Amino acid sequence: MDTSKDNIAGYLALIRPDGASDLDILLSWVPEYLIRQSKDDFDNYVQVDLDPESGAISETSRVMVSPPPLNARSSHAFSIAVKDLFSIQVRQPSLGWWWGSLLFYTRTQVTLPALFFHDLESESTVNEQKRNCESFEPFSDSGDLYWGGQSFLKELRKYVKLVDATVERGLLL
């Protein structure tokens, strides 16, 4: 069985619809091939990827992107309100597995795919890793090597409270 066709490059984003509260922010994943269909969307995703501080935090620094298409099943895209998340399984890169991943479990029993972070393909992650090495701090606050999933979780924590599960390492509630 060839599963390589399911390895689809894309962008993971937090999208705040107009007037939405923090809990109504959408966690969205959109395949790169869909984003490239709109030059403005692609440019905006790249801008936010390279400068996370330009994300829609203040009214004056808003970056507009299109939400995932309504026919998301056929396009591999998904979008779910953060209030509908139940837990997040964090699998950090290791010596035996180069890519870290995030698995999102929902309250609504919707099954979402595991998202793997191929950090060498993300310019912002490569830049952050370089900055950390130049400052002789290649490790995160937790003592692990830096990877792209950490940046996403840091942004998500600005909007929702994530708590480490006591029964299983790497599980956030």
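According to numbering that gives the first Met the number 0, the sequence shown holds residues 0 to 172 in order.
Even for Gly, the Cβ is constructed at its ideal location relative to N, Cα and C.
Computed from a predicted model, the values in this text were never measured in an experiment.
Asked: Option nearest Leu22 by Cα separation, candidates Asn43, Phe85, Arg35, Asp42; Found: Phe85
Asked: For Ala164, the residue or residues it bridges with in DSSP; Found: Answer is none; Ala164 lacks a bridge partner.
Asked: C-beta atoms of Leu171 and Val81 nearer than 8 Å; Found: no
Asked: Contact set for Arg156: own chain, Cβ-Cβ below 8 Å, skip 5 residues either direction; Found: none
Asked: Distance between beta carbons of Gly99 and Trp146, contact taken as under 8 Å; Found: 4 Å
Asked: Residues of its chain near Gly148, where Cβ-Cβ distance is below 8 Å and the 5 sequence neighbours each way are ignored; Found: Val89, Gln91, Gly99, Ser100, Leu101, Phe116
Asked: Backbone CA spacing between Leu33 and Leu114 [nearest angstrom]; Found: 17 Å
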